[in-house]
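Take a look at the structure below.
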Amino acid sequence: AFITLEDMFGAIEILVFPTVLAQYSGLIAEGKIVKLLGRLSLTEEKDTKIICEQVCLPEEALTGKNTGNGGKAKTRHPGLYLKVDGKDDKKYQKALQYTAVFDGTTPLYILFRDTGKLLRAPANLWVFPNEVLETALKKLLGDTNVAYVKE
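So the sequence shown is numbered by the numbering used here: it starts at 225 and just counts up by one.
Structure, rendered in structure tokens:
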């Protein structure tokens, strides 16, 4: 199957082979928000595509569970994960100020409750996780809305 995946920044074509499509067919539907894992297909004189290898819901990416593959646990990517109400949320803006103080090389992932989208922040927003930052973010957003996943 060929799927067009869109986010706030653009669109890309996804190639899903039959075995992967059969495994995750319950998660793949028009207008559905999903987290997709795959590899890039770079071919000269053709648009870049993603070869889909795994699909999950954004909430499952935060909990580390993936019901799309028979209920098996899925490993999350290392990084700092935050759950916020939306981009206009004052707490989200404050959290970004906190993370800016601790500039680093650890990816920052943000789940927006209003849209259900899980986004990896651009590299210029990545952080240096530490106890001070984590404590401040948990105080601001709540304990269940901040998670640090180590390698």
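All residues carry an ideal CB built from backbone N, CA and C; glycine is no exception. Predicted, not measured: the structure shown is a model, and the values here were computed from it.
Identify whether residue 235 lies in helix, strand or coil by the three-state DSSP scheme.
Counting from 1 along the sequence shown, the entry for residue 235 is found at position 11. Looking at residue 235 - three-state DSSP - the assignment turns out to be strand.
For residue 345, the first and last residue of its enclosing beta strand (DSSP E)
Counting from one through the sequence shown, the residue named residue 345 turns up at place 121. No beta strand (DSSP E) contains residue 345, which DSSP labels as neither H nor E.
Among the residues of its own chain, which have a CB less than 8 Å from the CB of residue 277, if the five just before and after it don't count?
Here residue 277 is taken as the residue at index 53 of the sequence shown, counted from 1. Residues 244, 261, 262, 263 of the same chain have their beta carbon placed closer than 8 Å to that of residue 277, with the five preceding and five following residues left out of the count.
Tell me, please, whether the region 240 to 258 touches the region 267 to 282 by the rule of three or more beta-carbon pairs shorter than 8 Å.
yes
Grab me the residues of residue 339's own chain with a C-beta within less than 6 Å of its C-beta, minus the 5 sequence neighbours each way, in chain order.
By 1-based counting over the sequence shown, the position of residue 339 is 115. If we look at residue 339 and ignore the five residues flanking it on each side, it has no Cβ neighbours.
Which of the three DSSP states is assigned to residue 258 in this structure?
On the sequence shown, residue 258 is found 34 positions in, with the first residue counted as 1. DSSP places residue 258 in coil when its eight states are reduced to three.
Through-space distance from residue 363 to residue 267, alpha-carbon basis
Taking the first residue of the sequence shown as position 1, residue 267 is located at position 43. Taking the first residue of the sequence shown as position 1, residue 363 is located at position 139. Spanning the two alpha carbons is a distance of roughly 47 Å.
Buried versus exposed call for residue 303 [16 or more other C-beta atoms within 10 Å across all chains shown]
Within the sequence shown, numbered from 1, the residue matching residue 303 stands at position 79. Per the 10 Å Cβ criterion, buried.
Residues near residue 331 in its chain [Cβ-Cβ closer than 6 Å; skip 5 each side]
Within the sequence shown, numbered from 1, the residue matching residue 331 stands at position 107. The residues are 303, 344, 350.
Using only CA atoms, which one of 229, 240, 233, 272 lies nearest to residue 258?
Within the sequence shown, the letter at position 34 stands for residue 258. Across the set 229, 240, 233, 272, the C-alpha of 229 shows the shortest separation from the C-alpha of residue 258.
Looking at the structure shown, is residue 351 part of a helix, part of a strand, or coil, going by DSSP?
Here residue 351 corresponds to residue number 127 of the sequence shown, with the count starting at 1. Three-state result, residue 351: strand.
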